[in-house]
Amino acid sequence: MEQLIREKLTAIGDFSSVNTIRQVGGGDINQAYYVRTQEREYFIKGNNNIPPHFFRVEAKGLRSIAETRTVAVPEVLDYDEPENGKTGLLVIDWIEGIPASTTTEQLGRKVAEMHQHQNSQHGFCEDTFIGTLPQPNGLFDSWLTYYREQRLESQLHTAVSQGNMPEKRRKRMAVLLDRLDDWIPASVPPSLLHGDLWGGNWLPGPDGEPFLVDPSVLYGDRLFELAFTEVFGGFPDDFYKAYREAYPIPDYYSDVKPLYQLYYLLVHLNMFGEVYGPSVDRVLSEYIG
1397 MEQLIREKLT
1407 AIGDFSSVNT
1417 IRQVGGGDIN
1427 QAYYVRTQER
1437 EYFIKGNNNI
1447 PPHFFRVEAK
1457 GLRSIAETRT
1467 VAVPEVLDYD
1477 EPENGKTGLL
1487 VIDWIEGIPA
1497 STTTEQLGRK
1507 VAEMHQHQNS
1517 QHGFCEDTFI
1527 GTLPQPNGLF
1537 DSWLTYYREQ
1547 RLESQLHTAV
1557 SQGNMPEKRR
1567 KRMAVLLDRL
1577 DDWIPASVPP
1587 SLLHGDLWGG
1597 NWLPGPDGEP
1607 FLVDPSVLYG
1617 DRLFELAFTE
1627 VFGGFPDDFY
1637 KAYREAYPIP
1647 DYYSDVKPLY
1657 QLYYLLVHLN
1667 MFGEVYGPSV
1677 DRVLSEYIG
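Quick note on this note's numbering: the sequence shown kicks off at 1397 and runs consecutively.
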């Protein structure tokens, strides 16, 4: 891997000597490295077991967020589209800093500003990934249709194929999908969403400025994003306070929050197994008994 990294640095125009190549955290799926040359610092991911577009769509997501000029993201410097099991690399800026007292407040406000950047349709122009799982996309006029077909049904099919969907759970999922329009609005603004916004996917940069990393972007109901921020304990109160001040949250949030969290619980069910089954069942019970 070190030789590939050195070759990549040369390819992107950094001919200076390499001082440090150190494997770091953040590599649950990929191998991750901190690299320092005489010119600058890099964060480099590598993987030889990915589809060719795996790093391309991550780079596209980072650039989509950057284009909003709201919340900061690392600069994408280069990426590979590997085929036939070859190793590909994604090269981005190394981000490091210490949280300031206002960092999570800034994050809440800047995420709200990002959500105000909207598209004419829901979804995304390319299929993406969440963890190791593929996420089919496409562009849809109806958020309800997109959420049902491209999100919930997609994870349901994966769960069935992996044996994570016993008959009782599968039947209740079928009922829920049939009745989804009882709760999910078809017509909401398609906001730009990070798509995988939990506490591990942001970090403080210089001067405590918050940065988002590891996106799986889409356009959709911004409440879908907010619901996921609360799945694993939520963000600090000042994050939500600042968000609400910048972009008030509609009243129907409490009606759809568990239903939006269901998608991410299905993802975790498919990635980590039945330990997440009871959480899926609790949401199903809340909506259909």
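We put the beta carbon where it would ideally sit given N, CA and C, even for glycine.
Remember, it's a predicted structure, so these values are computed and weren't measured experimentally.
Buried/exposed call for residue i, threshold 16 Cβ in 10 Å
i       : result
Ser1497 : exposed
Lys1456 : buried
Ala1342 : Outside the displayed range of the chain (1397 to 1685) lies residue 1342, so it cannot be described from this structure.
Glu1501 : buried
Arg1465 : exposed
Thr1625 : buried
Asn1533 : buried
Arg1568 : buried
Ser1460 : buried
Ile1446 : buried
Gln1531 : buried
Thr1499 : buried
Ile1440 : buried
Leu1573 : exposed
Phe1607 : buried
Phe1620 : buried
Asp1647 : exposed
Gly1669 : exposed
Ala1570 : exposed
Arg1575 : exposed
Ile1580 : buried
Glu1454 : buried
Lys1564 : exposed
His1553 : exposed
Residue i and residue j closer than 8 Å at C-beta
i       : j       : result
Leu1486 : Phe1525 : no
Tyr1429 : Ile1401 : yes
Val1472 : Ile1488 : yes
Leu1458 : Pro1611 : yes
Val1556 : Arg1566 : yes
Pro1585 : Gln1514 : yes
Val1676 : Leu1661 : yes
Val1420 : Thr1433 : no
His1511 : Glu1477 : no
Gln1558 : Tyr1659 : no
Thr1406 : Gly1442 : no
Leu1529 : Met1667 : yes
Tyr1683 : Gly1616 : no
Leu1614 : Gly1591 : yes
Asp1410 : Glu1435 : yes
Residue i in three-state terms, based on DSSP
i       : result
Ala1468 : strand
Tyr1438 : strand
Gln1361 : What is shown of the chain runs 1397 to 1685, which leaves residue 1361 out entirely.
Gln1514 : strand
Ser1587 : strand
Tyr1648 : coil
Tyr1643 : coil
Leu1529 : strand
Gly1630 : coil
Asp1410 : coil
Asp1476 : coil
Pro1654 : helix
His1449 : coil
Gly1673 : helix
Thr1625 : helix
Beta-ladder partner(s) of residue i, from DSSP
i       : result
Asn1443 : Gly1484
Trp1598 : Leu1608
Asp1489 : Tyr1438
Ala1638 : None; Ala1638 has no bridge partner.
Phe1520 : Gly1534
Arg1575 : Per DSSP, none; premise fails for Arg1575.
Ile1417 : Val1431
Leu1614 : Leu1589
Option nearest residue i by Cα separation, candidates the options
i       : options                            : result
Thr1416 : Ile1425, Leu1503, Glu1398, Ile1408 : Glu1398
Glu1686 : Glu1492, Lys1506, Lys1482, Lys1441 : Given that the chain is displayed from residue 1397 to residue 1685, the structure contains no residue 1686 and the question cannot be resolved.
Glu1605 : Arg1418, Arg1402, Gln1427, Pro1495 : Pro1495
Val1627 : Val1663, Phe1439, Asp1647, Asp1603 : Val1663
Pro1632 : Leu1405, Gly1504, Glu1479          : Gly1504
Trp1539 : Leu1588, Val1571, Arg1432, Ala1555 : Leu1588
Pro1644 : Asp1476, Lys1404, Asn1443, Ala1508 : Ala1508
Ala1462 : Asp1578, Val1609, Leu1593          : Val1609
Phe1536 : Trp1594, Ala1582, Gly1595          : Ala1582
Lys1653 : Val1679, Tyr1542, Gly1481          : Val1679
Leu1655 : Asp1578, Tyr1636, Asp1603          : Asp1578
Lys1404 : Tyr1438, Leu1665, Ser1516, Leu1599 : Tyr1438
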